[in-house]
Amino acid sequence: MTNCPPLHQLLPHEAPMILVDDLIDVGEKHIHCRVAISRHCLYFDSETQSIPAYVGIEFMAQTVAGWSGFHAWKKGEDAPIGFLLGCRRYHSECSAFQEHEILDIHAEQIMENNGMAVFDCKIICHQQIVASSQLNAFVPSKSQLEQMQLDNNNRKNA
Numbered sequence: 000m001t002n003c004p005p006l007h008q009l010l011p012h013e014a015p016m017i018l019v020d021d022l023i024d025v026g027e028k029h030i031h032c033r034v035a036i037s038r039h040c041l042y043f044d045s046e047t048q049s050i051p052a053y054v055g056i057e058f059m060a061q062t063v064a065g066w067s068g069f070h071a072w073k074k075g076e077d078a079p080i081g082f083l084l085g086c087r088r089y090h091s092e093c094s095a096f097q098e099h100e101i102l103d104i105h106a107e108q109i110m111e112n113n114g115m116a117v118f119d120c121k122i123i124c125h126q127q128i129v130a131s132s133q134l135n136a137f138v139p140s141k142s143q144l145e146q147m148q149l150d151n152n153n154r155k156n157a
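Every letter in the sequence shown is one number past the one before it in numbering that gives the first Met the number 0, and letter 16, counting from 1, is 15.
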């Protein structure tokens, strides 16, 4: 993609928690990111030479976060903090993603209402869908986030 910052600048994460490598394409309602499975990946198991397939949920969530970050970037804003509220019907065709595999992660927004959104997500490897799910996410407004932080501080001080 041209005229777009690197994916890590669109995510509200810092290394080593950034698990998705590249932004391939993004639009009004969709995003396509890529992960190359290697021994340098955070959840890589050197014994099995793989990453457990359940990490695919986080690949999907970070892809969705990249979509949100891209749209914030277009408005001149920082990548927003978002919350993964739920993962529905995560289905994986494999138990692990193997070293040297290239995973293409696709997410498409199917619904949005007041910061709550639902995304259809899939992971493709060797031109086959190897995992799929629906993710429910919430991006609070600045005032909602400030209130959440205030409530959290009040609980800590109580």
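Glycine included, every Cβ here is placed at the ideal spot set by N, Cα and C. Quick caveat, the model's predicted, so the values are computed rather than measured.
Going by Cα to Cα distance, which pick from CYS3, PHE69, ALA64, PRO79 is closest to LYS141? PRO79
Which partner residues of GLU111 appear in the DSSP bridge assignment? ALA116
Quick one: measure Cβ to Cβ for ALA130 and ILE122, integer angstroms, because I've assumed they're closer than 8 Å. 4 Å
Using a Cβ-Cβ cut-off of 8 Å (strictly less than) and excluding sequence neighbours within five positions of PHE69, which residues of its own chain qualify? CYS3, LEU9, LEU22, VAL25, ILE30
Which class does TYR42 belong to by DSSP, given the choice of helix, strand or coil? coil
Alpha-carbon spacing of GLN126 relative to VAL63, whole angstroms: 21 Å
Three-state secondary structure assigned by DSSP to GLN133: strand
Considering only C-alpha positions, which residue in the set GLU98, VAL34, MET110 is nearest to GLU46? GLU98
In the DSSP output, which residue or residues are listed as bridge partners for LYS121? HIS105, SER131
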